[in-house]
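Report on the following structure.
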Amino acid sequence: MKEQYVLTLKAEDRPGLLHLVTGMIEKRKMKINSLSLAATDISDITLITVEVVGTEGEIAILALKLENIIEIFAVEVAKYNQALCLRAAYFKIDSAFFEGVKASTLSKYSTTIIKTYPGALLLAQYGTDAAVLSLYNELDGPHLLGFSQTGLIADCGLMAENEDVVRIIGLAA
């Protein structure tokens, strides 16, 4: 049965690496739900997080293939856990929204005003898919001028500590 998995790759920062990784996933006709790449505090090391859908066997083979890429130092695979997989969402709201009764409901979603525009405000929220969707449904209507969200932000450090995570660690050549 196909399930959602999160792959976290620790790799050397090299041009074209992301293309190699996504190409390998797409070659297996797996759906990528989210993809992010971020620099780390360790020089020349990047953290790539990919949310994919596949069977356990497909994911295991993919992890082994990714491990064979020389620039990738480690591949961690975990089943998607909504409590640990968060997103940042941005909502552009018409200023008139704050004159209505619904404006008071924003306090329960821990939103932050991060920018003001003439006649509009940009709100930010950090949370699970369910929390983002709930706020989106609350704001949906003529006052919602725009919406976007980041890719998946997984709770995964540079040093693996969680025994629930399947670790496939490769040594750099």
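Take the sequence shown: its position 15, counted from the start at 1, is 15 in the UniProt record's numbering, and no numbers get skipped. No residue lacks a Cβ here, since even glycine has one placed at the ideal position from N, Cα and C. These numbers come from a predicted model, not from an experiment.
DSSP places G57 outside any beta strand (DSSP E); the residue lies instead in the alpha helix (DSSP H), whose first and last residues are E56 to E67. Under the rule that a run must span 3 or more residues, the beta strand (DSSP E) segments found entirely inside the segment 86-144 read 112-117 and 120-127. Take the alpha-carbon of T8 and the one of E51: they are about 9 Å apart.
By the Cβ rule, the segment 10-23 counts as touching the segment 44-58, because three or more pairs are nearer than 8 Å. Per the coordinates, the alpha-carbon of V6 lies some 18 Å from the alpha-carbon of K27. Across the structure, S107 and A74 are spaced so that their CA atoms are roughly 41 Å apart. DSSP places E71 outside any beta strand (DSSP E), giving it a letter other than H or E. The shortest C-alpha to C-alpha distance from K10 to any of N68, N33 and M30 is the one to N68.
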